[in-house]
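Asker:
There are 2 protein chains.
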Amino acid sequence: MIDEPFLAVARGGTATHTPVWFMRQAGRALPEYRRLRGEGSINDAIADPDITTEVTLQPVRRYGVDAAILFSDIMTPLHAMGVGVDIVAGIGPVVADPITTRSDLARLRPYEPDVDAPYVGQAVRQLVAELDVPLIGFAGAPFTVASYLVEGRPSRNHTRTKALMHTDPALWFELCDRLADIAIATLRSQVSLGAGAVQLFDSWAGALSPSDYRRFALPASTRVLGALADTGVPRFHFGVGTGELLAAMATAGVEVMGVDWRTPLDIARERIESGLGRGIVLQGNLDPTIVTAGWEPTREAAVEVLAANAGHPGHIFNLGHGVLPETDPGVLTELVTFVHEQTRR
Amino acid sequence: MIDEPFLAVARGGTATHTPVWFMRQAGRALPEYRRLRGEGSINDAIADPDITTEVTLQPVRRYGVDAAILFSDIMTPLHAMGVGVDIVAGIGPVVADPITTRSDLARLRPYEPDVDAPYVGQAVRQLVAELDVPLIGFAGAPFTVASYLVEGRPSRNHTRTKALMHTDPALWFELCDRLADIAIATLRSQVSLGAGAVQLFDSWAGALSPSDYRRFALPASTRVLGALADTGVPRFHFGVGTGELLAAMATAGVEVMGVDWRTPLDIARERIESGLGRGIVLQGNLDPTIVTAGWEPTREAAVEVLAANAGHPGHIFNLGHGVLPETDPGVLTELVTFVHEQTRR
Chain A
23 MIDEPFLAVA RGGTATHTPV WFMRQAGRAL PEYRRLRGEG SINDAIADPD ITTEVTLQPV
83 RRYGVDAAIL FSDIMTPLHA MGVGVDIVAG IGPVVADPIT TRSDLARLRP YEPDVDAPYV
143 GQAVRQLVAE LDVPLIGFAG APFTVASYLV EGRPSRNHTR TKALMHTDPA LWFELCDRLA
203 DIAIATLRSQ VSLGAGAVQL FDSWAGALSP SDYRRFALPA STRVLGALAD TGVPRFHFGV
263 GTGELLAAMA TAGVEVMGVD WRTPLDIARE RIESGLGRGI VLQGNLDPTI VTAGWEPTRE
323 AAVEVLAANA GHPGHIFNLG HGVLPETDPG VLTELVTFVH EQTRR
Chain B
23 MIDEPFLAVA RGGTATHTPV WFMRQAGRAL PEYRRLRGEG SINDAIADPD ITTEVTLQPV
83 RRYGVDAAIL FSDIMTPLHA MGVGVDIVAG IGPVVADPIT TRSDLARLRP YEPDVDAPYV
143 GQAVRQLVAE LDVPLIGFAG APFTVASYLV EGRPSRNHTR TKALMHTDPA LWFELCDRLA
203 DIAIATLRSQ VSLGAGAVQL FDSWAGALSP SDYRRFALPA STRVLGALAD TGVPRFHFGV
263 GTGELLAAMA TAGVEVMGVD WRTPLDIARE RIESGLGRGI VLQGNLDPTI VTAGWEPTRE
323 AAVEVLAANA GHPGHIFNLG HGVLPETDPG VLTELVTFVH EQTRR
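Going down the list, the protein sequences come from chains A and B. Under my numbering, think of the first position of the first sequence as 23, with each following residue one higher. Under my numbering, think of the first position of the second sequence as 23, with each following residue one higher.
(1) Does the beta carbon of E292 of chain A sit closer than 7 Å to a beta carbon anywhere in chain B?
(2) Of all the alpha helix (DSSP H) runs that stay within the bounds of the region 165-192 of chain A, which reach a length of 4 or more residues?
(3) Could you compute how far the alpha carbon of D309 of chain A sits from the alpha carbon of T166 of chain A?
(4) Identify, in the order they occur along the chain, each residue of the same chain with its Cβ nearer than 7 Å to the Cβ of E356 of chain A, setting aside the five sequence neighbours on each side.
(5) Specify, as a first and last residue, the run of the alpha helix (DSSP H) that I113 of chain A falls within.
(6) Opposite A161 of chain A in the DSSP bridges: which residues?
(7) Grab the span of the alpha helix (DSSP H) containing G11 of chain B for me, first residue to last.
(8) Compute the beta-carbon to beta-carbon distance between L149 of chain A and T75 of chain A, rounded to the nearest angstrom, for a pair I have assumed lies under 8 Å.
(9) Closer than 7 Å, CB to CB, is H259 of chain A near chain B or not?
(10) Assuming L268 of chain B contacts V281 of chain B under a Cβ cut-off of 8 Å, what Cβ separation, rounded to an integer in Å, is found between them?
(11) Cβ of R284 of chain B less than 7 Å from any chain A Cβ?
(12) Out of A:P140, A:R257 and A:G265, which one is the CA nearest neighbour of A217 of chain A?
(13) Cα separation between L153 of chain B and V146 of chain B?
(14) Indicate whether A163 of chain A and D224 of chain A have their beta-carbon atoms separated by less than 7 Å.
(15) Report the rounded CA-to-CA distance for N331 of chain B versus V278 of chain B, giving the unit in angstroms.
(16) Can you confirm whether E173 of chain A, when its beta carbon is compared against all beta carbons of chain E, has any partner nearer than 7 Å?
(17) Can the beta-carbon of Y133 of chain A be found closer than 7 Å to that of I204 of chain A?
(18) Using a cut-off of 7 Å between C-beta atoms, extract the partners of S233 of chain B located in chain A.
(19) For a test of the three-state rule: what should DSSP assign to V213 of chain B, helix, strand or coil?
(20) Between the C-alpha atoms of I376 of chain A and R300 of chain A, what's the straight-line distance to the nearest angstrom?
(21) I'd like to know whether the C-beta of A315 of chain B is nearer than 7 Å to at least one C-beta of chain A.
(22) Residues of chain B with CB under 7 Å from N179 of chain A, in chain order?
(23) List, in chain order, every chain B residue whose beta-carbon is nearer than 7 Å to that of H188 of chain A.
(24) Taking only beta carbons into account, state which residues of the region 202-232 of chain B come closer than 9 Å to chain A, listed in chain order.
(25) Assuming L201 of chain A contacts I121 of chain A (C-beta within less than 8 Å), just tell me the rounded distance between them.
(26) Following the continuous alpha helix (DSSP H) through G248 of chain A, name the residue where it begins and the one where it ends.
(27) Spell out whether any CB of chain B is found under 7 Å from the CB atom of G248 of chain A.
(28) Given a threshold of 16 other Cβ atoms within 10 Å of its Cβ, counted over all protein chains shown, does T365 of chain B qualify as buried or as exposed?
(29) In chain B, which residues lie with their C-beta within 7 Å of the C-beta of G265 of chain A?
(30) Taking beta-carbon pairs under 9 Å, can you tell me which members of the region 76-97 of chain B lie near chain A?
(31) Expressed to the nearest angstrom, what Euclidean distance is found between the alpha-carbon atoms of A298 of chain B and L304 of chain A?
(32) Quick one: which unbroken beta strand (DSSP E) runs of 3-plus residues sit fully inside the region 267-321 of chain B? Chain order, please.
(33) Using the beta-carbon count (16 or more within 10 Å), is A323 of chain A buried or exposed?
(34) Can the beta-carbon of G261 of chain A be found closer than 7 Å to that of T285 of chain A?
(35) Less than 7 Å separating the beta-carbons of A102 of chain B and D72 of chain B?
(36) Please list, in chain order, all residues of the same chain as W283 of chain A whose beta carbon is under 6 Å from its beta carbon, the five residues on each side excluded.
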């Protein structure tokens, strides 16, 4: 994989074309995924290394993307540890007994990937052997995982989570500390088995004011990403609605900042680089909803993304959030080809 | 109401203290509201001028805020016109037959406030007679109202709406045009009966990329706000998650830009003023979720909001979104007193 575009660009180098992959590229938009998965539980699928391997490979074959991302979930380690979290179709992660007091923290013991979820490691091994593009490993950032654990399910306002951080910061930070340890164990295990990059998903960080983000979320994420520094793999950091947080998120120890569709790449780059005092590689940021409108709107939006990037070599093309289930996969195939052609150097 | 602080500041002048009001200040956080409303339909309550008057007055009495906002809903005109929209508790606006084709537009005939919803005008008249603070009228911006009509209910991704705008822009613009006419009729009627200011709620505009916002949402909102220019009342414009849209939204013809809690006021002011080339009055922006955590976190957050505003006289204090139902009204009372004291000139 010498001169392979995805890692070359992620490391701040150049490539023959802008690499492309899609968050949630493995998923319900693909008929071959729906056939394989049927109506079964996503946790059961993740627990089967052969299904995980096949589902991770499907979008690479279909779309010709420049990277694979492990088929998994940010709640997988907690599920594997028996914390009592399920992924309910149409809802998302549901926690049987949400965390409300200090005694609940005992359930968040250290995560041992080889013992708790050996099937994940097995899938990573199989994938690294089969793939001819890099495999991205990932974990959930402490804030976002904590929100699921405290709210008990996906939340619009994160009311309980914000109340906890503001009224019992000691408990909040201990919770985040344990979740940081779990994320570190998750990511280090994936990298040790051959994942070529890692992405920390802080999906709901955008619900926080910049001040709350810096105080209550950034420290634990910084610890997670810092603990990956010695591995040498590029570290990606992403959340939705994070326009005002990008500069802070980029200080956590990242090589690539993911940007959602709300912030044009030129603005994102200026904001991050003026905060960091150095260059940054950006990932994004076509509105995933536009893709559901068909090829012509998608093409126009891709042209806009590339125009905002203005030919900067530090760009990994992606959507601004995950592929929506109602997406026509044919449009994504066209999109990969289009971006490759438009950026051929 | 000479030298009354709310309108003085909204018009770009100064006042003896920073005025305060809260979006959704009339609502479920107040026990007197819950007692009066019981389990009845919100549309029935809005259709009763005495209930509307009482519910609008309750937060003025309780909190000592500097402005009242008419108890109503952005979907009220459409409900009154028989478009078939209901406000379902726990969900929000639900449209029986969502708009999908050109023939559906016929249902969006011109709105005649005196004929279609005389009870609203009656409530405005009663309120103006009783209030000793200004009454804010409001309407929904065409994009946000269109999203409800197209999706049929509150939507996270606005998939159908974005697909419609991108695949049939002619139909989209005609839909927005009709909704702009309805918003204009709504606001002009409220002002003619004595409302002292108007706010255009484009609650979901933040779902759009800046490019989509400028192309598909801004023109109709500009027409609405422009049609209020000759009335001389200050025009407020607000949406959630609009950090990247503030500069564009401010060009629509506004005296006051509302800011959600994600964008600190100093950053918002700089972004808007550099786009407009003139000063702007800002409204906001304490995270409404923080208020549910109690007084001390609320006080800290209020100090941060005031610090970000840095003593600028062009500031109307508000939350960054509506009061949440689980809010302790005592905390909001303390907040009004605190902001008044901290900003006394």
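We put the beta carbon where it would ideally sit given N, CA and C, even for glycine.
Answerer: Reading from the atomic positions:
(1) no
(2) 181-189
(3) 21 Å
(4) W317
(5) I113 of chain A -> no alpha helix (DSSP H), and no H or E assigned at all.
(6) A:L222
(7) Because chain B is modelled from 23 through 367, residue 11 of chain B falls outside the range shown and cannot be assessed.
(8) 6 Å
(9) no
(10) 7 Å
(11) yes
(12) A:R257
(13) 10 Å
(14) yes
(15) 14 Å
(16) No chain E is part of this structure, whose protein chains are labelled A and B.
(17) yes
(18) E326
(19) helix
(20) Given a span of 23 to 367 for chain A in the structure shown, any question on residue 376 of chain A remains unanswerable.
(21) yes
(22) T311 and L346
(23) I312, A315 and P319
(24) G228, A229, L230, S231 and P232
(25) Contact flag wrong, Cβ pair sits at about 10 Å.
(26) L240 to G248
(27) no
(28) buried
(29) G265 and E266
(30) none
(31) Checking the sequence, you will find Leu at residue 298 of chain B rather than Ala. Between L298 of chain B and L304 of chain A, the C-alpha separation is close to 29 Å.
(32) 278-280 and 303-308
(33) buried
(34) no
(35) no
(36) N307, D309 and G342
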